[in-house]
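Report on one structure; see the data block that follows.
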Amino acid sequence: MESVQDYQEKQVVSMPRIGDKAPEFKAVTTQGKINFPSDYAGEWVILFSHPADFTPVCTSEFMTFAHLEDKFKKANCKLVGLSIDGLYSHIAWLRTIKDKIKFNGMKNIEVKFPLIEDITMNVAKKYGMIQPGESETQAVRAVFFIDPKGKIRAIIYYPLSLGRNFDEIYRALIAMQVSDKHAVATPADWNPGDDVIISPAGSCGVAEERMASADELECDDWFFCTKKMDKKAVLDSIIKN
Ligand code: BEZ
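Take 722 as the starting number for the sequence shown in my numbering and just add one per residue.
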């Protein structure tokens, strides 16, 4: 029979992967109870963890996410935070942020998205947010992008000391939505308005056709074809105003 220690170790190293269904959980948050991911069906959701309440890097991140919340909402994306702290600690921290903290020109920032209490580490373990080489008691800075069907589409991990880049988080969200909507891929450093990539040809016939269709595509070789995509058209197809 499996020992308790073996069971616990397996939980700690459980790492959901891209393409997996987002692990389900029920949790208490600063905005009430949530049933994840079913409460977010039909929307994108970014589930992110931070090491602890009342810490400076985490505070700067929460202020930035709260400041950008409407921008993410317009891209059909909700935010959900998590740390291994209790509900009253979360409430006290968010009140302190609103009342006292200034960062990057922001002040009086109210965090309106849910912050999960995970004192039992139940959710953090399910999502591989506890990485014992970094910390056994604090979650690393994980970012899970979960699509409207509840599937994990991208994961980014940062160590405790490194605050996240929110331009990159937003860019990745928009790029995945553009890929889904227009059946294209996005190259290095892509941003709306830049050329997109046509997926590589899967047969000799398609390779031949690609090289011949010079008007719509630009092909440097059969495997490297790009297409112009107007910035406004891209954004109009994704962003709600
Ligand atoms: C911070 O958020 O400032 C922090 C948290 C844990 C370790 C190091 C920094």
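Glycine included, each C-beta is placed from N, C-alpha and C at the ideal position.
Closest to residue i by CA distance: which of the options is it?
i: residue 957; options: 837, 902 and 934; result: 902
i: residue 912; options: 919, 882, 926 and 894; result: 894
i: residue 742; options: 856, 848, 953 and 880; result: 848
i: residue 814; options: 905, 751 and 840; result: 751
i: residue 909; options: 892, 767 and 928; result: 892
i: residue 944; options: 748, 938, 875 and 921; result: 921
i: residue 880; options: 772, 738, 768 and 923; result: 772
i: residue 865; options: 826, 723, 738 and 722; result: 738
Any beta carbon of chain D sitting closer than 7 Å to that of residue i?
i: residue 934; result: You won't find chain D in this structure, because it holds only one protein chain.
Could you check what DSSP says for residue i in three-state terms: helix, strand or coil?
i: residue 926; result: helix
i: residue 768; result: strand
i: residue 875; result: strand
i: residue 845; result: helix
i: residue 736; result: coil
i: residue 933; result: helix
On the DSSP letters alone, give me the boundaries of the beta strand (DSSP E) that residue i sits inside.
i: residue 939; result: 938-942
i: residue 945; result: 945-948
i: residue 804; result: 798-804
i: residue 782; result: Unbroken run through residue 782 is the alpha helix (DSSP H), 777-795; no beta strand (DSSP E).
Counting along the chain, where does the alpha helix (DSSP H) carrying residue i start and finish?
i: residue 887; result: 887-903
i: residue 817; result: 808-821
i: residue 959; result: 952-959
Please find out if some non-hydrogen atom of ligand 1 comes closer than 6 Å to the beta-carbon of residue i.
i: residue 946; result: no
i: residue 815; result: no
i: residue 861; result: no
i: residue 779; result: yes
i: residue 883; result: no
i: residue 785; result: no
i: residue 853; result: no
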